[in-house]
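So the sequence shown is numbered by my numbering: it starts at 347 and just counts up by one. Below you'll find the structure, written out as structure tokens, and then a few comments.
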Amino acid sequence: MKKKLEKMLDTIRMEARYTASYTGRATFDKRVMQAMQDVDRGDFVADSYKSQAYDNGPLPIGNGQTISQPYIVALTTDLLDVNADSVVLEVGTGSGYQAAILGKLVKQVYSVERISELAASSEKRLKQMGYDNIQVRCVNGYRGWQEKAPFDAIIVTAAATRIPQDLIDQLRPGGRMVIPVGLPYTSQELMLVTRNEQGDTDIESVLGVVFVPLVDNN
Ligand code: SAH
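As structure tokens, then:
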């Protein structure tokens with residue numbers, strides 16, 4: 347397992363170098379890489395997928411959803427520029443893997459998931475693993491989590507057709523949001539949304555990506 351995890355980290359480092367001209371980051375923060383090492387991706391997939399858990403690809407997690415590829419998890423986490431005081435919102439809990447990575451790095455993670463089975467199973471999993479700074483809630487993440495706002499960072503792990511205004515509003519001035527935007531299963535762009543201290547928003551495209559859709563129907 348240790349060898350496989352090290353290989354996974356090597357692949358992330360390599361892909362970070364390959365994509366540096368797009369992302370502007372040839373290496374990721376040491377703490378991000380440490381979290382990628384400390385959180386065992388194998389614990390977040392079904393037994394039948396454990397042998398592939400350290401490959402650099404997405405894997406099914408049930409209900410037609412997927413856990414993102416490790417490189418993308420590392421990149422998106424790195425782009426958030428979080429620290430030990432950060433309060434973060436994740437939209438799309440899925441397996442809880444991304445939430446766990448963030449849980450290692452920040453003060454508090456709030457994560458929302460629209461599919462109740464996934465919200466329940468990831469909440470249970472994260473609790474069993476001892477994460478006491480992650481709260482999961484089953485709601486439509488297009489509206490964020492108003493009661494817990496503002497957030498220092500927001501990460502959306504499913505592709506939206508537009509950047510939800512509610513999420514921008516819940517971002518603290520100086521905060522950062524990473525969100526894939528585009529059409530379902532085709533061309534999407536990973537966007538970095540930053541709010542300056544005056545509250546003005548800047549949006550830049552980081553990389554072409556493919557995520558499952560962010561569904562807006564409840
Ligand atoms: N971050 C997850 C990846 C999950 S895939 C992980 O680490 O495993 C994206 C998830 O977003 C899916 O579970 C999907 O059900 C969820 N999702 C899609 N639309 C959503 C919405 N509007 N609100 C909340 N969650 C949503």
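All C-beta atoms, glycine included, are put in the ideal place defined by N, C-alpha and C.
Judged by DSSP in its simplified three-state form, G545 adopts coil rather than helix or strand. Shortest Cα-Cα distance from F497 to any of V433, G528, G440 and L421 involves V433. Comparing C-alpha distances from R489 to each of R471, D515 and A366 shows the shortest one belongs to D515. In the DSSP assignment, D512 falls within the unbroken alpha helix (DSSP H) covering Q511 to D515. In the assembly as shown, G370 is an exposed residue. Its beta-carbon has fewer than 16 other beta-carbons within 10 Å. By the Cβ neighbour-count rule, T507 is exposed, with fewer than 16 other Cβ atoms within 10 Å of its own.
Q454 has its alpha-carbon roughly 5 Å from the corresponding atom of N479. Per the coordinates, the alpha-carbon of I500 lies some 5 Å from the alpha-carbon of M523. Secondary structure note for P530: it is in no alpha helix (DSSP H), with a DSSP letter that is neither H nor E.
Taking C-beta atoms as the reference points, L517 and V539 count as a pair closer than 9 Å. Spanning the alpha carbons of L472 and V558 requires a straight line of approximately 22 Å. For L472, the shortest separation between its Cβ and any heavy atom of the ligand SAH does not lie below 8 Å. Between T503 and S468 a beta carbon distance of about 12 Å is seen, past the 8 Å cut, so the two are scored as non-contacting.
In the structure shown, the three-state DSSP call for Q454 is strand.
Looking at V485, A495, P406 and K450, the one whose alpha-carbon comes closest to that of A430 is K450.
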